[in-house]
Amino acid sequence: MDGGDPLTVNIYDPYRKLCEYNFHDKQCGTYTIIFRPLISGNHKIDIRIFDRPISGSPFVVHVTQHNNPLWSFG
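Here my numbering = 1-based position in the sequence shown + 1.
Encoded structure:
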(Lines of atoms letter the chains of each structure in order from A and count residues from 1; the text may use other names and numbers.)
(Lines give C-alpha, C1' and ligand atoms only; values in the text may rest on other atoms or scores of the structure.)
Protein backbone atom coordinates (compact mmCIF):
# COMPACT_ATOMS: atom_id res chain seq x y z
CA MET A 1 0.00 0.00 0.00
CA ASP A 2 1.11 3.56 -0.69
CA GLY A 3 1.70 6.48 1.60
CA GLY A 4 1.31 6.78 5.35
CA ASP A 5 0.03 4.14 7.71
CA PRO A 6 0.41 0.45 6.87
CA LEU A 7 -3.05 -0.54 5.61
CA THR A 8 -4.08 -4.14 4.99
CA VAL A 9 -7.20 -4.99 3.00
CA ASN A 10 -8.69 -8.43 2.38
CA ILE A 11 -11.98 -8.91 0.57
CA TYR A 12 -13.56 -12.37 0.61
CA ASP A 13 -16.40 -13.69 -1.53
CA PRO A 14 -19.11 -15.98 -0.08
CA TYR A 15 -16.80 -18.98 -0.65
CA ARG A 16 -13.98 -17.29 1.32
CA LYS A 17 -11.95 -16.77 -1.85
CA LEU A 18 -9.93 -13.53 -1.96
CA CYS A 19 -11.29 -10.90 -4.34
CA GLU A 20 -9.22 -8.49 -6.40
CA TYR A 21 -9.52 -4.77 -5.67
CA ASN A 22 -7.98 -1.41 -6.55
CA PHE A 23 -6.59 0.82 -3.83
CA HIS A 24 -5.77 4.52 -3.75
CA ASP A 25 -4.20 6.47 -0.87
CA LYS A 26 -5.48 10.04 -1.16
CA GLN A 27 -2.55 11.26 1.00
CA CYS A 28 -4.95 13.11 3.32
CA GLY A 29 -5.84 10.34 5.76
CA THR A 30 -8.44 8.76 3.48
CA TYR A 31 -8.30 5.82 1.10
CA THR A 32 -10.41 4.55 -1.79
CA ILE A 33 -10.92 0.81 -2.24
CA ILE A 34 -12.85 -0.41 -5.28
CA PHE A 35 -13.79 -4.00 -6.00
CA ARG A 36 -16.10 -5.62 -8.52
CA PRO A 37 -17.86 -8.69 -7.14
CA LEU A 38 -18.09 -11.60 -9.55
CA ILE A 39 -20.82 -13.51 -7.68
CA SER A 40 -23.86 -12.71 -5.54
CA GLY A 41 -23.85 -13.22 -1.78
CA ASN A 42 -22.19 -11.81 1.32
CA HIS A 43 -18.70 -10.41 0.81
CA LYS A 44 -16.52 -9.69 3.83
CA ILE A 45 -14.21 -6.66 3.76
CA ASP A 46 -11.47 -6.73 6.41
CA ILE A 47 -9.52 -3.47 6.73
CA ARG A 48 -6.67 -3.03 9.20
CA ILE A 49 -4.19 -0.30 10.08
CA PHE A 50 -1.07 -1.36 11.99
CA ASP A 51 -2.59 -4.89 11.91
CA ARG A 52 -5.58 -3.67 14.00
CA PRO A 53 -9.10 -3.68 12.54
CA ILE A 54 -10.55 -0.25 11.84
CA SER A 55 -13.84 0.57 13.56
CA GLY A 56 -16.58 -1.69 12.21
CA SER A 57 -14.23 -4.04 10.37
CA PRO A 58 -14.89 -6.58 9.03
CA PHE A 59 -17.73 -5.15 6.97
CA VAL A 60 -20.25 -7.37 5.22
CA VAL A 61 -21.64 -6.28 1.86
CA HIS A 62 -24.60 -8.22 0.49
CA VAL A 63 -24.18 -8.39 -3.28
CA THR A 64 -27.12 -9.06 -5.59
CA GLN A 65 -27.35 -9.01 -9.36
CA HIS A 66 -28.98 -5.56 -9.16
CA ASN A 67 -26.75 -3.86 -6.58
CA ASN A 68 -25.59 -0.30 -7.14
CA PRO A 69 -21.92 -0.71 -8.16
CA LEU A 70 -20.77 2.18 -5.94
CA TRP A 71 -20.66 1.76 -2.17
CA SER A 72 -18.73 3.91 0.24
CA PHE A 73 -18.32 4.14 3.98
CA GLY A 74 -16.22 6.03 6.44
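Idealized CB from N, CA, C, for every residue including glycine.
Bear in mind the structure is a predicted one, so any value in this text is a computation, not a measurement.
How about residue i and residue j: are their beta carbons less than 9 Å apart?
{"i": "P7", "j": "I50", "result": "yes"}
{"i": "P38", "j": "D47", "result": "no"}
{"i": "T33", "j": "H44", "result": "no"}
{"i": "I40", "j": "V62", "result": "no"}
Please classify residue i: does DSSP put it in a helix, a strand, or coil?
{"i": "D47", "result": "strand"}
{"i": "R53", "result": "strand"}
{"i": "T31", "result": "coil"}
{"i": "R17", "result": "coil"}
On the DSSP letters alone, give me the boundaries of the beta strand (DSSP E) that residue i sits inside.
{"i": "H67", "result": "Taken as a continuous stretch (DSSP letters only), H67 belongs to no beta strand (DSSP E), as it is neither H nor E."}
{"i": "F24", "result": "N23 to D26"}
{"i": "I40", "result": "I40 -> no beta strand (DSSP E), and no H or E assigned at all."}
Closest to residue i by C-alpha separation, out of the options, would be which residue?
{"i": "R17", "options": "N23, G30, C29 and G42", "result": "G42"}
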